[in-house]
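In the UniProt record's numbering, the protein residues as written are 1 to 1029.
So the structure is just underneath, and the comments pick up after that.
Printed below as a string of structure tokens:
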């Protein structure tokens, strides 16, 4: 006769006894129940204690191979000695789970209509809590669930997420002596800082605070360790406000980042204790907290198939679940119960990363559109809200109207990447693309793989399965831990490149899906461990072979470097081209060069955007052909003018050797100047003359070349001229023949059947909108509200550094758009740029409106067809949007071939005393720029006109420019503005009157309403994509 192991709740009152032929239940030595066969290897034991109670014990006969054939195991127990209706004769089957462990769990009858989740699902909901604590907390909180039998648990494999995230080295001793050191909550705090992988918001560290009494802990993500004091003050204020508690003792390690916290605590009379150096055991509780956080974040990332950079999204979730998990030292109570005096509710918990559908508020949905949006669960937010990641928009949303699907396996959010990534030190794949053959047998051959790779690949590596993607969402998604929300309610998200330089991006939401798929590695190690490592290594080999071919350096012993010189480092820079090809470039760290030692002069060959547009417009007028070339490794041409020593590139290091540069290299401060000298020398040798009005434009009869660093835009009368240019440049440089230009400096060119050419920046606009999370925003018909005033508000608090950086980044991004093809936003952008140093809330609202207008007009373009050179000038007296300082705004635009080639909207340098004064200054600025335009077009022989007129709408200013009238009211004018009289008398430039309704520069000086602004765009020569034909 074998005694069956049963739950303690049943064992306290009954004895379940098994004979080889019979099974029965005894109570106080008396048999009170019988058994019968329900099916094979299953016995149902019915216990009738009294008329008021009925209890049922379900027993499963164990297989003969496992011990005694007559031994029985209880599968489920349901009892209620008070209510006979609580028990039912119907039997309920249990399902198999990934969770293994005990076989006996108290369970309510699932046939009562209660939607019970399995034990394995609760295991996932509680952040993969261990089985023992999971059952304790479910039993204590009265949460219904469906337990598993011993046979089912033994037949089910281990939880893969737990094995991936929690496995650790076994302890040498199992002895544990837990004891409480404090007598009340928050009396003693343990703290530590641990380093994490760089997150998508730039965070690298986590600081934890553990309460010794309740064993609850709280964690904060940080970018830098010096933020520890700031995070502690937040925690201290929360403790005091929510619980009225005072911290009496603070224990931590001997890290220097805790010195400010120690000074802060000692001034308040708090004991600040630190452990001796290298004695982590004395800070064991905090160290164990760090390990638990890492394990649970690792487990959740693996289970939810999230990339490692999303760990900041899960820190708060791990803390939330830890407070609701029992602790052995608390006699299996939860920290939540110790802090708040009541057990936590778990009914709202769901599996992290599971699919969810959020109800779209009726204010934001169409009548016939979808009513819900697909999301992924990230965490919880009090009260009764869920924190979710919206798939289609890439935003973080909070909602309580959510439906979950926890049973469908989740797929990676990022294409080609799963949550179970390779570790940082994982070697590259053993298969690499073929070696690029050296251009000469005398040159060394670049290795087929990084040094030491073959040795590393000899050791077996664990195979990591890559799951197929379900919906590719960008890796560099919105920042949620520190950036929070913008004033527009959008989630702020930093740019990856700016994060690397500790800059910030004025953004919200997530990156565009397309851009996220092509996120380029920032280091050599990232390139060699990413999924596209084969392509990146091939690009590195190609670049390295090109460097050797050009004889860029010679290797010397490190000991041969002169004492006065220092060795400069270098790095690989990676970029994915528009056509999808990979490009690697070796860049020297030129910021370490010293003036007068490593370099003497600097200059970059950058032509004016006005010159580029003038060349395109003139080519349309004259029927010339346009062609584009790109120099390969441009900065490698030309000898350096000083001795420069550099470390050997990553992947090609040789111990004891450095290289001395013989040719210029990307990153050198003097490299652009050396390149320009080479280009100037080559073009001058083939009959080209450098334009004095733009030193980056070279011309000869029937041909003009515009140089922008290593890009060449050629305008020529015939194809023969273009071929001559290609041969001339090809003798000295390696060229990529790009043919008819479709994109030059980020400006797209479209060609019409009638010979017209349109320029626009549609792709750049889409990137800007994506960077700032405005792809799906509501549009505006004008860039600025005509009634808005942007004066500074003295009572408003100054913005923080992050806000200023984001605002400046947005202004800079739009500035390139305005300089390229969008004069219609010149006034709004110029006005907002005045507040870059101290942007206030109404300035940020105005910037958002400008982005909304750009979204509405992203298809607008400039089309050159036919027309003479003509100019328009206007001025706004006193300023209508910014009245501080009383400075007026002047603007001008010059059109050639029927579309603008040059424009400006600028605040005047001095205060005008009248409308005539303001217009007179505006005429002077426009006249000076027209002189440059005529000089450039005449010098390059692309366009000539005997007289060019400037259209102005102020007759007093026009009359004053011709004759010295109104002396009493104009005697205070600056003498330099009268220079326009001499120019007008020369006869090459004229001033003509035009009504304000026909003034094309009107929108460059003031904000306009929708109707007036639409007419302004029409006069300006800007047309939409739909009407370009």
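Ideal Cβ placement from N, Cα and C applies to all residues, glycine included.
None of the values given here were measured: they were computed from a predicted structure.
Which whole-angstrom value describes the C-beta separation of residue i and residue j, a residue pair presumed to lie in contact below a C-beta threshold of 8 Å?
i: residue 805; j: residue 818; result: Rounded, the Cβ-Cβ distance is 20 Å, inconsistent with contact.
i: residue 521; j: residue 574; result: 5 Å
i: residue 248; j: residue 287; result: So it is not a contact: roughly 22 Å between Cβ atoms.
i: residue 552; j: residue 662; result: 6 Å
i: residue 939; j: residue 691; result: 5 Å
i: residue 922; j: residue 875; result: 4 Å
Could you tell me the distance, in whole angstroms, from the CA atom of residue i to the CA atom of residue j?
i: residue 381; j: residue 808; result: 32 Å
i: residue 333; j: residue 213; result: 12 Å
i: residue 792; j: residue 843; result: 9 Å
i: residue 294; j: residue 218; result: 13 Å
i: residue 667; j: residue 653; result: 19 Å
i: residue 1013; j: residue 853; result: 12 Å
i: residue 49; j: residue 139; result: Only weak support is given to the placement of residue 49: the predicted model assigns it a pLDDT of 46, under 50, and the value that follows is read from those uncertain coordinates. Distance between the alpha carbons of residue 49 and residue 139 is about 25 Å.
i: residue 617; j: residue 769; result: 29 Å
i: residue 698; j: residue 621; result: 19 Å
i: residue 561; j: residue 649; result: 17 Å
i: residue 1005; j: residue 937; result: 27 Å
i: residue 92; j: residue 117; result: In this prediction, residue 92 has a pLDDT of 34, which is less than 50 and means its spatial position is unreliable; what the coordinates show is noted afterwards. Answer to the nearest angstrom: the Cα atoms are 13 Å apart.
i: residue 570; j: residue 629; result: 28 Å
Please identify the residue among the options whose C-alpha is closest to the C-alpha of residue i.
i: residue 311; options: 908, 1008, 195 and 659; result: 195
i: residue 233; options: 550, 159 and 268; result: 268
i: residue 881; options: 907, 406 and 945; result: 907
i: residue 125; options: 218, 261, 303 and 160; result: 303
i: residue 895; options: 299, 1017, 395 and 571; result: 1017
i: residue 256; options: 271, 138, 235 and 227; result: 227
i: residue 754; options: 299, 263, 866 and 222; result: 866
i: residue 370; options: 377, 358, 378 and 376; result: 358
i: residue 693; options: 840, 932, 795 and 897; result: 932
i: residue 647; options: 702, 566, 708 and 619; result: 566
i: residue 737; options: 540, 859 and 713; result: 713
i: residue 627; options: 199, 688 and 706; result: 706
Between which two residues does the beta strand (DSSP E) holding residue i run?
i: residue 751; result: 747-751
i: residue 627; result: 625-631
i: residue 194; result: 188-195
i: residue 757; result: 757-760
i: residue 272; result: 271-274
i: residue 380; result: 372-381
i: residue 208; result: 205-211
Look up residue i in the DSSP assignment and say whether it is helix, strand or coil.
i: residue 900; result: strand
i: residue 1032; result: This structure gives no information on residue 1032, because the portion of the chain shown stretches from 1 to 1029.
i: residue 145; result: strand
i: residue 876; result: strand
i: residue 252; result: strand
i: residue 888; result: coil
i: residue 69; result: Note that residue 69 has pLDDT 36, beneath the 50 cutoff, so the model's placement of it is unreliable and the number below is only indicative. The answer is coil: DSSP assigns residue 69 none of H, G, I, E or B.
i: residue 1001; result: coil
i: residue 992; result: strand
i: residue 774; result: coil
i: residue 582; result: strand
i: residue 644; result: coil
i: residue 328; result: helix
Check for me: the alpha helix (DSSP H) holding residue i runs from which residue to which?
i: residue 389; result: No alpha helix (DSSP H) contains residue 389, which is instead part of the beta strand (DSSP E) from 385-390.
i: residue 979; result: 979-986
i: residue 316; result: 311-322
i: residue 227; result: No alpha helix (DSSP H) contains residue 227, which DSSP labels as neither H nor E.
i: residue 826; result: 826-832
i: residue 924; result: 915-939
i: residue 540; result: 533-549
i: residue 403; result: No alpha helix (DSSP H) holds residue 403; the beta strand (DSSP E) holding it covers 402-405.
i: residue 949; result: Per DSSP, residue 949 belongs to no alpha helix (DSSP H); it is in the beta strand (DSSP E), 948-952.
i: residue 303; result: 284-304
Return yes when at least one heavy atom of the ligand COA lies under 7 Å from the C-beta of residue i, else no.
i: residue 988; result: Absent from the structure shown: the ligand COA. Ligands present: none.
Is any beta-carbon of chain D found at less than 8 Å from that of residue i?
i: residue 574; result: Included in the structure is just one protein chain, with no chain D present.
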